[in-house]
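Residue numbers (our numbering): 651 to 1132.
Only one structure is covered here, and it is reproduced in the block below.
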């Protein structure tokens, strides 16, 4: 009996030890499986988040690259202003110093303007800081005969060079516009160049690249020196660009590069989420696991939402706008309906930034977005393209009269005075309106371009108004706000 009891006791103890080892093994297996599953989920989340961040980074790089191109191209139009004066004066510009004093302040970063008959700089202003350049031959490094032969094609595109160290001292760039005047037989002949000299990075100030740092991005704008072949950095953030997304900045025949990257390193964020997930998994709580999964899903949705919305105003961004515009075109074709696209640009916004600061300028943009939302339907799409431009898509309108009523309300809403820190501010709106019908052609970009051109027509007609166009871009009607 005793031996039987001892045998049963040993068997029971062995079973207990076996069960304990089994439970421990299952626990370890469950723990390892949970950790492994959590690691896979976290990796997938990080991959998704990284892709979303890459999309946002590309959009930021594209937006600011276009801003740089527009700022420089605007400064280069100074050469065309001078060319008009040369043409009107038949090769002579009376009182060039006075003209230069008027033109230079119109273009930020413009260091000098000059006239170069036959490629040799004969007049340059301001003269006191540009004496070294007077009588400089712009064609000294080229075969003059080759250049003149090339100009027989009457190519009037601006020639842009930069960045490089100017003879005057600072780093800058130049834009040269070939000018052709009629000879006695009426044939165009090469007269010379009108030239604008820019200093860098001063000429890029209106592109507002530091705004990227405020949005959490590091950036670096650089170009290759055409004289030395060396890479010159024009602007960069305090934080270095690590594994950035680069976008080409094309100015005439020159190309610069803008590289952008999120300032927060991805490795640190991934480590943080892994540690949080590990704590949740060690707790072996299904509730915590569900909570973690839901939190990650919400975070993913938030990242996707941020990729489609303007971070300042919360309106649709360009990416979402183009999707909504494509949907509107498809519905219009399918249902035989029209829809309206209105592009709105603020007049007087630059004065707000100059007089009250960019922070108050942002407040004006936010307030404008809220006012516009208050005068449209929930089914309409309102987007911010960037800067002070907004786009509105309206479908299922009763007719032209209802459309005009909406536009009048928008003009009135925008021009209401705003209480800002430091005083009262006021802006107005110029609106270009495109009514898209099913028989019209052109893609979404073409519709935006037509609305944009109509908006500039509204500005030319006096601002605080809207202009309608059709598919051939003829003005159908315009009306100013009261």
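Glycine included, each C-beta is placed from N, C-alpha and C at the ideal position.
Does the distance from the C-beta atom of residue i to that of residue j stay below 8 Å?
{"i": "residue 1048", "j": "residue 970", "result": "no"}
{"i": "residue 855", "j": "residue 758", "result": "yes"}
{"i": "residue 839", "j": "residue 850", "result": "no"}
{"i": "residue 777", "j": "residue 763", "result": "no"}
{"i": "residue 902", "j": "residue 807", "result": "yes"}
{"i": "residue 825", "j": "residue 726", "result": "yes"}
{"i": "residue 823", "j": "residue 714", "result": "no"}
{"i": "residue 706", "j": "residue 957", "result": "yes"}
{"i": "residue 864", "j": "residue 890", "result": "no"}
{"i": "residue 1045", "j": "residue 981", "result": "yes"}
{"i": "residue 623", "j": "residue 699", "result": "In the structure as shown, the chain starts at 651 and stops at 1132, and residue 623 therefore has no counterpart that could be examined."}
{"i": "residue 882", "j": "residue 821", "result": "yes"}
{"i": "residue 760", "j": "residue 845", "result": "no"}
Please report how far the alpha carbon of residue i lies from the alpha carbon of residue j, in whole angstroms.
{"i": "residue 718", "j": "residue 1015", "result": "21 Å"}
{"i": "residue 872", "j": "residue 912", "result": "18 Å"}
{"i": "residue 1112", "j": "residue 1030", "result": "28 Å"}
{"i": "residue 1134", "j": "residue 1005", "result": "In the structure displayed, the chain extends from 651 to 1132; residue 1134 sits before or after that span and is not available."}
{"i": "residue 1094", "j": "residue 1100", "result": "10 Å"}
{"i": "residue 787", "j": "residue 1098", "result": "44 Å"}
{"i": "residue 1165", "j": "residue 779", "result": "There is no way to answer for residue 1165, as the model of the chain reaches only from 651 to 1132."}
{"i": "residue 1017", "j": "residue 900", "result": "34 Å"}
{"i": "residue 1107", "j": "residue 1080", "result": "9 Å"}
{"i": "residue 1000", "j": "residue 1090", "result": "36 Å"}
{"i": "residue 1041", "j": "residue 1035", "result": "7 Å"}
{"i": "residue 893", "j": "residue 720", "result": "26 Å"}
{"i": "residue 1070", "j": "residue 1023", "result": "20 Å"}
{"i": "residue 735", "j": "residue 790", "result": "26 Å"}
{"i": "residue 751", "j": "residue 1043", "result": "44 Å"}
{"i": "residue 793", "j": "residue 895", "result": "Because the pLDDT at residue 793 is just 47, under 50, the model does not fix this residue reliably, and the value given afterwards should be weighed accordingly. If I take the Cα positions, the gap works out to 40 Å."}
{"i": "residue 977", "j": "residue 704", "result": "25 Å"}
{"i": "residue 756", "j": "residue 775", "result": "14 Å"}
{"i": "residue 904", "j": "residue 984", "result": "45 Å"}
{"i": "residue 829", "j": "residue 906", "result": "26 Å"}
{"i": "residue 1165", "j": "residue 1096", "result": "Within the shown structure, residues of the chain are numbered from 651 to 1132, placing residue 1165 beyond reach of any answer."}
{"i": "residue 937", "j": "residue 691", "result": "Note that residue 937 scores a pLDDT of 48, beneath 50, so its modelled location is shaky and nothing firm can be said."}
{"i": "residue 852", "j": "residue 1103", "result": "29 Å"}
{"i": "residue 772", "j": "residue 784", "result": "6 Å"}
{"i": "residue 833", "j": "residue 888", "result": "55 Å"}
{"i": "residue 739", "j": "residue 884", "result": "37 Å"}
{"i": "residue 741", "j": "residue 767", "result": "8 Å"}
{"i": "residue 1075", "j": "residue 1021", "result": "15 Å"}
{"i": "residue 827", "j": "residue 749", "result": "17 Å"}
{"i": "residue 955", "j": "residue 809", "result": "43 Å"}
{"i": "residue 685", "j": "residue 679", "result": "10 Å"}
{"i": "residue 805", "j": "residue 737", "result": "16 Å"}
{"i": "residue 708", "j": "residue 975", "result": "21 Å"}
{"i": "residue 1010", "j": "residue 769", "result": "47 Å"}
{"i": "residue 716", "j": "residue 910", "result": "14 Å"}
{"i": "residue 712", "j": "residue 1008", "result": "21 Å"}
{"i": "residue 960", "j": "residue 859", "result": "17 Å"}
{"i": "residue 979", "j": "residue 1050", "result": "18 Å"}
{"i": "residue 998", "j": "residue 1028", "result": "28 Å"}
{"i": "residue 1092", "j": "residue 1105", "result": "18 Å"}
Can you round the beta-carbon distance between residue i and residue j to whole angstroms, since I take them to be within the 8 Å contact cut?
{"i": "residue 782", "j": "residue 818", "result": "6 Å"}
{"i": "residue 1026", "j": "residue 1077", "result": "Their Cβ separation, rounded to whole angstroms, is 18 Å, which puts residue 1026 and residue 1077 out of contact at 8 Å."}
{"i": "residue 765", "j": "residue 842", "result": "7 Å"}
{"i": "residue 1012", "j": "residue 962", "result": "6 Å"}
{"i": "residue 953", "j": "residue 702", "result": "4 Å"}
When you measure from the CB of residue i to every non-hydrogen atom of the ligand ZN, does any distance come out below 7 Å?
{"i": "residue 1028", "result": "Among the ligands in the structure shown, none appear at all, so the ligand ZN cannot be discussed."}
Item checked: Touch test, the segment 1096-1116 against the segment 986-1003, Cβ-Cβ under 8 Å, three pairs minimum -> Counting C-beta pairs closer than 8 Å gives three or more between the segment 1096-1116 and the segment 986-1003, which meets the contact rule.
Notebook entry, point to check: Is the number of C-beta pairs between the segment 681-699 and the segment 726-742 that are closer than 8 Å three or more?
Noted result: Contact between the segment 681-699 and the segment 726-742 is not established, with fewer than three Cβ pairs separated by less than 8 Å.
Checklist line | Touch test, the segment 809-817 against the segment 858-877, Cβ-Cβ under 8 Å, three pairs minimum | finding: The way I'd put it, the segment 809-817 does touch the segment 858-877; three or more beta-carbon pairs between them come closer than 8 Å.
Item checked: At least 3 beta-carbon pairs within less than 8 Å: the segment 1078-1091 vs the segment 976-990 -> Yes: the two stretches touch, three or more of their Cβ pairs being nearer than 8 Å.
Next item on the list: Mind listing, in chain order, the continuous alpha helix (DSSP H) runs of no fewer than 4 residues lying wholly within the segment 734-759?
Entry: Runs found: 746-753.
Margin query: Quick check: the segment 952-971 against the segment 1059-1073, are at least 3 beta-carbon pairs closer than 8 Å?
Written below: The answer is no - the segment 952-971 does not touch the segment 1059-1073, with fewer than three Cβ pairs under 8 Å.
Notebook entry, point to check: Between the segment 877-892 and the segment 739-747, do three or more beta carbon pairs fall short of 8 Å?
Noted result: The answer is no - the segment 739-747 does not touch the segment 877-892, with fewer than three Cβ pairs under 8 Å.
Check: How do the segment 969-983 and the segment 1050-1061 stand: do at least 3 beta-carbon pairs fall below 8 Å, yes or no?
Finding: The segment 969-983 and the segment 1050-1061 do not touch, with fewer than 3 CB-CB distances between them shorter than 8 Å.
Notebook entry, point to check: Of all the alpha helix (DSSP H) runs that stay within the bounds of the segment 827-876, which reach a length of 4 or more residues?
Noted result: For the segment 827-876, the full-length alpha helix (DSSP H) segments reaching 4 residues or more read 860-864 along the chain.
Next item on the list: For the segment 1048-1088, list the alpha helix (DSSP H) runs that are entirely contained and at least 4 residues long, ordered along the chain.
Entry: Runs of the alpha helix (DSSP H) inside the segment 1048-1088: 1050-1065.
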